[in-house]
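16 is the number that full-length UniProt numbering gives to position 16 of the sequence shown; each next residue is one higher, with no gaps. Even glycine gets a Cβ: it sits at the ideal position worked out from N, Cα and C.
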Amino acid sequence: MRADALARRQRIISAARELLTTMPDMASLEAVAKRAGVGIATLYRNFPDRTSLLSTIVEELFGQISALQTETLANMPTEPAAAWEHYARGLIDLGLAPLASSYTAEMVANFHPDMVRLRDAVLSANDEIITLAQKSGQVSEHVTGAFFIRGLLSVARPHHKSVFHLDDEFTNTLVGVFLCGLKNFKS
């Protein structure tokens, strides 16, 4: 792929990811093309449908989560509290909650085998981090990796417009409350 075409493709991916994490209700393919500064035909040449664009974003996200997990696992033995907090907040900073809410169960069920391997590696490393967090007293023994991810996604998911203005600071506070609750959680 030519350098200019590759740059346009990356602009499309970045624009889609930004819209999905900040304004998921407004992330139509037309809005993505406009945000990326390309025509809709250029978007469709790179991504024939929304699912292919989302798959590319998730593949990129899995790579970033994997890097965060590697860093967390390296720091857990010496600084477990800081590493645990950094991991949870890092997942939020990567946009995990709004990106996860963009996916349907059918889309996940139809992941390409390579994507399934990436997902499984991320989930396995997450379980390893949970085990280390339990051993260091950051997380109750009753917390599973799946429970942690579902809970984190729940407290950090995109908030719909309502009477209450829920900004990023409120989400950060909710994440802090959730992390504190994991220390003493009993199923």
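Identify the continuous alpha helix (DSSP H) that holds residue i and give its terminal residues.
i: F185; result: First-last for F185: undefined, no H or E at that position.
i: N75; result: 50-75
i: T42; result: 40-46
i: R89; result: 80-93
Which of the three DSSP states, helix, strand or coil, is assigned to residue i?
i: G176; result: helix
i: E141; result: coil
i: R17; result: helix
i: V163; result: In this prediction, V163 has a pLDDT of 48, which is less than 50 and means its spatial position is unreliable; nothing more can be read from the coordinates.
i: F147; result: helix
i: R119; result: helix
i: L29; result: helix
i: N110; result: coil
i: residue 260; result: Because residue 260 is not part of the residues shown, which for the chain are 1 to 187, the question remains open.
i: S124; result: helix
i: S136; result: coil
Can you tell me the Cα-Cα spacing of residue i and residue j, whole angstroms?
i: K186; j: F47; result: 45 Å
i: V108; j: V58; result: 10 Å
i: A88; j: P77; result: 17 Å
i: V163; j: F170; result: In this prediction, V163 scores a pLDDT of 48, lower than 50, which makes its location untrustworthy; no coordinate-derived value is stated.
i: S66; j: L94; result: 11 Å
i: S102; j: E18; result: 13 Å
i: T22; j: A15; result: 11 Å
i: S136; j: G151; result: 20 Å
i: R2; j: V175; result: 42 Å
i: P113; j: D25; result: 29 Å
i: residue 260; j: T42; result: Nothing about residue 260 can be read from this structure; the chain reaches only from 1 to 187.
i: R45; j: G181; result: 47 Å
So, for residue i: in the same chain, excluding its five sequence neighbours on each side, which residues have a beta-carbon less than 8 Å away from its beta-carbon?
i: I130; result: V139, V143, T144, G145, F148
i: N184; result: S140
i: V177; result: V155
i: T56; result: I13, F47
i: V32; result: I12, A15, A16, L19, L43, L53
Taking 8 Å as the CB-CB limit, is residue i close to chain B?
i: Q10; result: Included in the structure is just one protein chain, with no chain B present.
I'd like the list of long-range same chain contacts for residue i, defined as Cβ closer than 6 Å, with 5 residues on each side in sequence excluded.
i: L68; result: G90
i: A97; result: L153, A156, R157
i: A125; result: Q69
Just to check my reading of the structure: residue i and residue j have Cβ atoms closer than 8 Å, yes? What is that Cβ distance to the nearest angstrom?
i: L20; j: L99; result: 6 Å
i: I13; j: L29; result: Contact doesn't hold; Cβ gap of about 13 Å is too wide.
i: R11; j: G37; result: 6 Å
i: F62; j: V116; result: About 11 Å; that fails the 8 Å criterion.
Kindly list the residues whose CB is nearer than 7 Å to the CB of residue i, restricted to its own chain and excluding five residues on each side of it in sequence; keep chain order.
i: W84; result: A133, Q138
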